[in-house]
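Chemist: Residue numbers (our numbering): 15 to 353.
C-beta: ideal position from N, C-alpha, C; glycine also.
Since the structure is predicted, the reported quantities are computational estimates derived from the model, not experimental observations.
#1: If you run the structure through DSSP and keep just helix, strand and coil, what is residue 54?
#2: In terms of DSSP beta bridges, what is residue 279 paired with?
#3: Count the other C-beta atoms from every protein chain shown that fall within 10 angstroms of the C-beta of residue 331, then say buried if there are 16 or more, exposed otherwise.
#4: Look up residue 247 in the DSSP assignment and say whether it is helix, strand or coil.
#5: Going by C-alpha distance, which of 53, 265, 339 and 319 is nearest residue 125?
#6: Buried or exposed: residue 261, going by 16 or more other Cβ atoms within 10 Å of its Cβ?
#7: Please tell me whether residue 306 and residue 333 are closer than 8 Å, where the distance is taken between their beta carbons.
#8: To which residues of the same chain is residue 320 closer than 7 Å at the C-beta, ignoring the five residues directly before and after it?
#9: Identify which residue in 232, 346 and 353 has its Cα closest to the Cα of residue 172.
#10: Near residue 275, what residues of its chain come up, given a Cβ to Cβ distance below 7 Å and the 5 sequence neighbours on each side ignored?
#11: Among 265, 215 and 271, whose alpha-carbon lies nearest the alpha-carbon of residue 252?
#12: Does the pairing of the segment 62-78 with the segment 40-54 give three or more beta-carbon distances under 8 Å?
#13: Roughly how far, in whole angstroms, is the beta-carbon of residue 326 from the beta-carbon of residue 310, given that I think they are within contact range, below 8 Å?
#14: Taking all protein chains shown into account, do 16 or more other C-beta atoms lie within 10 angstroms of the C-beta of residue 157, making it buried, or fewer, making it exposed?
#15: Since I believe residue 318 is in contact with residue 353 (beta carbons under 8 Å), could you give me their beta-carbon distance rounded to a whole number of angstroms?
#16: Tell me whether residue 30 is buried or exposed, calling it buried when 16 or more other Cβ atoms sit within 10 Å of its Cβ.
#17: Please name the residue or residues paired with residue 179 in a DSSP beta bridge.
#18: Reducing DSSP to helix, strand and coil, say where residue 131 ends up.
#19: Can you pull the DSSP bridge partners for residue 316?
#20: Between 220, 213, 198 and 163, which lies nearest to residue 182 when the distance is taken from Cα to Cα?
#21: Look at residue 255 and residue 295 and say whether their C-beta atoms are less than 8 Å apart.
#22: Select from 209, 250 and 98 the residue whose C-alpha is nearest the C-alpha of residue 111.
#23: Using CA atoms only, rank isn't needed, just tell me which of 179, 79, 239 and 190 is closest to residue 163.
#24: Excluding the five sequence neighbours on either side, which residues of its own chain have a C-beta within less than 7 Å of the C-beta of residue 105, listed in chain order?
#25: Please state the DSSP three-state secondary structure of residue 106.
#26: Is the CB-CB distance between residue 128 and residue 56 below 8 Å?
#27: For residue 208, I'd like the list of residues in its chain whose CB is within less than 6 Å of its CB, leaving aside the five on either flank, ordered along the chain.
#28: Roughly how many whole angstroms lie between the Cα atoms of residue 122 and residue 324?
#29: Let me check you understand the geometry: is the CB of residue 70 closer than 7 Å to at least one non-hydrogen atom of the ligand ZN?
#30: With a threshold of 16 other CB atoms inside 10 Å of the CB of residue 247, please say whether the residue is buried or exposed.
#31: Measure the alpha-carbon distance for residue 237 versus residue 186 and round it to whole angstroms.
#32: Are any of the Cβ atoms in chain B nearer than 8 Å to that of residue 322?
#33: By the 10 Å Cβ neighbour count, where 16 or more other Cβ atoms means buried, how is residue 167 classified, buried or exposed?
#34: By a C-beta neighbour count over all protein chains shown, 10 Å radius and 16 as the cutoff for buried, is residue 201 buried or exposed?
Structure below.
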């Protein structure tokens, strides 16, 4: 009788340490999502959980071998309207994906992670795969993320200029990296994002005149001379910006968004660039220290669909100091990607 009891106890004791050694790291949980996309081969595993829990955000996971060659075969699966999604790494060697499909049948898929000791891993939440978002903390519907977002191009024009600036809005471009590194606090459909970004603006005159900096530092407009061709002149500014933007997601599956808020600018650079050709000579003149206003505040707002949006931005403060003798504000409009 004693031998019969000892044998199962011994087996149990041998099994328990192996079970206890297994480490399960839960990477992601969601009550529901628009879709689940899985792609796996002998070199990598890629998972996308689109628009989970009635938000515009998605979860992205990618584990791949370093210096891997292209695989001969790739398996992919897509499931729509999934529920109870849970993604777990087991001992950093296996990936377990649990979910309930549209037919309310529970599913559990397990994948061997290729070369787990020598791999690259990405796991983050964001509105786009190219929109980096690293979760910092989460409590209920409230979540903090580390983000990098918003590549934009727009067209800018002077407002209330004195003297009048005959600019070409088609060639007066604005380039923006909305938030190169920042944070976002979100609560359901609402979010506030802020961080450090960059902005470049070019105010291009039409071909008759050029910007000229006088000896006293003032900036005037002078006509090009006869015989000068291929003429262009623009005033350029560079800013370190800190936007504070409120976002609201709305519409079916929260695919639409509205955002608005102030943008604080530290205008650290500015110069005039004038080019023309005379005979066979190409002349290029670059002039710095144009007395840009050191700190300004803009107002920005826009509306978006998924990762694409259009924006408008108004700068009610002077672009240049009074000492420049050129008084104007600016208005720009354009498009954002991954914002």
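Modeler: Let's see:
#1: strand
#2: 255 and 310
#3: exposed
#4: strand
#5: 53
#6: buried
#7: yes
#8: 269
#9: 346
#10: 257, 258, 259, 260 and 314
#11: 215
#12: yes
#13: The pair is not a contact, with the Cβ atoms about 17 Å apart (cut-off 8 Å).
#14: buried
#15: 6 Å
#16: Bear in mind that a pLDDT of 49 at residue 30, under 50, signals an unreliable position, so the number given afterwards is only what the model happens to contain. Exposed, since its Cβ has fewer than 16 Cβ neighbours within 10 Å.
#17: Bridge partners of residue 179: none, in fact.
#18: coil
#19: 273 and 325
#20: 220
#21: no
#22: 98
#23: 190
#24: 36 and 37
#25: coil
#26: yes
#27: 196 and 258
#28: 41 Å
#29: For the structure depicted, the ligand ZN is absent and the ligand set is empty, with no information on it obtainable.
#30: buried
#31: 19 Å
#32: Absent from the structure is chain B; it holds one protein chain and no more.
#33: exposed
#34: exposed
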